[in-house]
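Colleague: Dropping a structure here in structure tokens format, bear with me for questions.
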Amino acid sequence: MSLDIFPLAYESFGVRSMATFLETKDLKVIIDPGVSLAPRRFNLPPHPIEVKREEACWKRVKEYLQRSEYVFITHYHYDHYNPLGVDLLRGKELWIKDYENKINKSQRKRSSDLIKRLGDNSNINVADGREFDIGGTQISFSNPVFHGANDRLGYVVEVFISYKKESFLFTSDVEGPSLEDQITFILEKSPKTIFIDGPMTYMLGFRYSAKSLEDSIENLKRIIDETDVKKMIMDHHLLRDINYKEKIADLYEYSEEKGVQILSAAEYIGRENDLLEARRRELWHSQENLSRKRQK
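The sequence shown begins at 1 in UniProt numbering and counts up by one.
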């Protein structure tokens, strides 16, 4: 058996998530088993199509949770951890973001609630900066890094898994990565496949600066140049922007020259992107037009 990677729910699937299942001969793990929707986008609530997609993706995540022996939680935002799924975490070996250190007030409360609900007999381990082997599979967690360009949204941990000659790295929510601290672990581990949340271009000029985008593109070029990466899966924050490819066109051109594939999670498994959140205005507009036609 090799290192098999199964993206379960991502923005390219139509929901907010980075839920990913990995399997080797020694390990069955799900990373960040959460699924959610933007409560408001374009000043609109989720469309019914999005709600149905969320239900379908959560069903799939639950199926893989049942198969998993290990669960890794990189932080406590609800698109990465679902409080409705706590019962499914019982009996698993949990490696989770430190719930006492390098954590903001909101995530401290969420993590405290999780631990209380799981109870004293749960197998809970703090992941930050830890490394261990399971048979021939190596697992490493980064030290905590900012969720974005500062600590306003707290911290996350990155995850590295290697088996034989294959390796995988999961950045979680670095929103880029735009900072040196966020790429240190990536450069050190030199993964062949990396899942990155990408620059938050849909908030460009508001919560995300042009400088952060510029720095992110330069850091992604460094990752291409300074690691063994062959496939760069960019999804989550980046794919909330319908025009995401235009925003990072320079990076696509650079990666092609260097022989590195940039794909969405959907493209990685041979599916077409279905950016429901980015198309929310269009979805509601289409429904309004249909309603008007029926009234005539």
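The beta carbon of each residue, even a glycine, is placed where N, CA and C say it ideally should be. All figures in this text were calculated on a predicted structure; none of them were measured in a lab.
Can you check which of these residues, Glu-277, Asp-26, Phe-21, Tyr-244, is closest to Asp-32 by C-alpha distance?
Modeller: Nearest option by C-alpha distance: Phe-21.
Colleague: Taking a contact to mean a Cβ-Cβ separation below 9 Å, would you say Met-232 touches Leu-220 in this structure?
Modeller: Closer than 9 Å, so yes.
Colleague: For the region 83-91 against the region 151-158, are there 3 or more C-beta pairs whose distance is under 8 Å?
Modeller: Verdict: no, contact absent.
Colleague: Rounded C-beta distance between Val-126 and Val-145? I'm assuming under 8 Å.
Modeller: Not really, about 16 Å apart at Cβ, beyond 8 Å.
Colleague: Contact defined as beta carbons within less than 8 Å: I believe Thr-171 pairs with Glu-158. What is the distance between those atoms, to the nearest angstrom?
Modeller: With a Cβ gap of about 5 Å, Thr-171 and Glu-158 count as contacting.
Colleague: Within the region 127-209, note down every full beta strand (DSSP E) run reaching 3 residues or more, in order along the chain.
Modeller: Runs of the beta strand (DSSP E) inside the region 127-209: 131-134, 137-141, 159-163, 166-170, 193-196.
Colleague: State yes or no: is the C-beta of Ile-49 within less than 9 Å of the C-beta of Leu-276?
Modeller: Against a cut-off of 9 Å, the Cβ pair of Leu-276 and Ile-49 comes out as a contact.
Colleague: For Thr-74 versus Lys-109, is the C-beta distance shorter than 9 Å?
Modeller: Going by C-beta atoms, Thr-74 is not nearer than 9 Å to Lys-109.
Colleague: Go to Leu-8, then tell me how far its alpha helix (DSSP H) extends in each direction, as first and last residue.
Modeller: Run containing Leu-8: none in the alpha helix (DSSP H); it sits in the beta strand (DSSP E), 4-10.
Colleague: Residue ranges of each beta strand (DSSP E) run of no fewer than 3 residues wholly in the region 8-70, ordered along the chain?
Modeller: Here the runs fully enclosed are 18-23, 28-31.
Colleague: Are there 16 or more other CB atoms within 10 angstroms of the CB of Tyr-64, so buried, or fewer, so exposed?
Modeller: Tyr-64 comes out buried.
Colleague: Using the rule of at least 16 other Cβ atoms within 10 Å of the residue's Cβ for burial, across every protein chain shown, is Glu-55 buried or exposed?
Modeller: It counts as exposed.
Colleague: Taking all protein chains shown into account, do 16 or more other C-beta atoms lie within 10 angstroms of the C-beta of Leu-44, making it buried, or fewer, making it exposed?
Modeller: Flag for Leu-44 reads exposed.
Colleague: Report, in whole angstroms, the separation of the C-beta atoms of Asp-250 and Gly-135, which I expect to be a contact under 8 Å.
Modeller: Not really, about 42 Å apart at Cβ, beyond 8 Å.
Colleague: Name the two residues that bound the continuous beta strand (DSSP E) containing Lys-231.
Modeller: Where Lys-231 is concerned, the enclosing beta strand (DSSP E) stretches over 231-234.
Colleague: In terms of residues, what are the limits of the beta strand (DSSP E) holding Glu-246?
Modeller: Element bounds for Glu-246: not the beta strand (DSSP E) but the alpha helix (DSSP H), 244-247.
Colleague: May I ask you to report which of helix, strand or coil DSSP gives Ile-115?
Modeller: Three-state DSSP puts Ile-115 in a helix.
Colleague: Please state whether DSSP places Glu-272 in a helix, a strand or coil.
Modeller: In the structure shown, Glu-272 sits in coil (DSSP, three-state: anything other than H, G, I, E or B).
Colleague: Please classify Asn-273: is it buried, with 16 or more other beta-carbons within 10 angstroms of its beta-carbon, or exposed?
Modeller: It counts as buried.
Colleague: For a test of the three-state rule: what should DSSP assign to Ile-103, helix, strand or coil?
Modeller: In this structure, Ile-103 counts as coil in the three-state DSSP scheme.
Colleague: Assuming the contact rule is C-beta atoms closer than 8 Å, Ile-139 and Ile-161 should be a hit. Round their C-beta distance to whole Å, please.
Modeller: Confirmed, Cβ separation roughly 6 Å.
Colleague: Reducing DSSP to helix, strand and coil, say where Glu-93 ends up.
Modeller: In this structure, Glu-93 counts as strand in the three-state DSSP scheme.
Colleague: Under a Cβ-count criterion, where at least 16 other Cβ atoms within 10 Å of its own Cβ denotes burial, should Gly-14 be classed as buried or exposed?
Modeller: So Gly-14 counts as buried.
Colleague: Identify the residues that DSSP records as bridge partners of Asn-125: which are they?
Modeller: Answer is Trp-95.
Colleague: Output yes or no for whether 9 Å exceeds the beta carbon distance between Thr-227 and Lys-189.
Modeller: Contact flag set, yes.
Colleague: Can you name the start and end residues of the beta strand (DSSP E) that Leu-238 belongs to?
Modeller: No beta strand (DSSP E) holds Leu-238; DSSP gives it neither H nor E.
Colleague: Determine the direct distance from the alpha carbon of Glu-23 to that of Asp-4, and round the result to whole angstroms.
Modeller: Cα to Cα, Asp-4 sits roughly 5 Å from Glu-23.
Colleague: Which value, in whole angstroms, describes the spacing of the CA atoms of Ser-2 and Glu-69?
Modeller: The straight-line gap from Cα to Cα measures roughly 17 Å.
Colleague: Are the CB atoms of Ala-210 and Tyr-10 nearer to each other than 9 Å?
Modeller: Not in contact: Ala-210 and Tyr-10 (Cβ atoms no closer than 9 Å).
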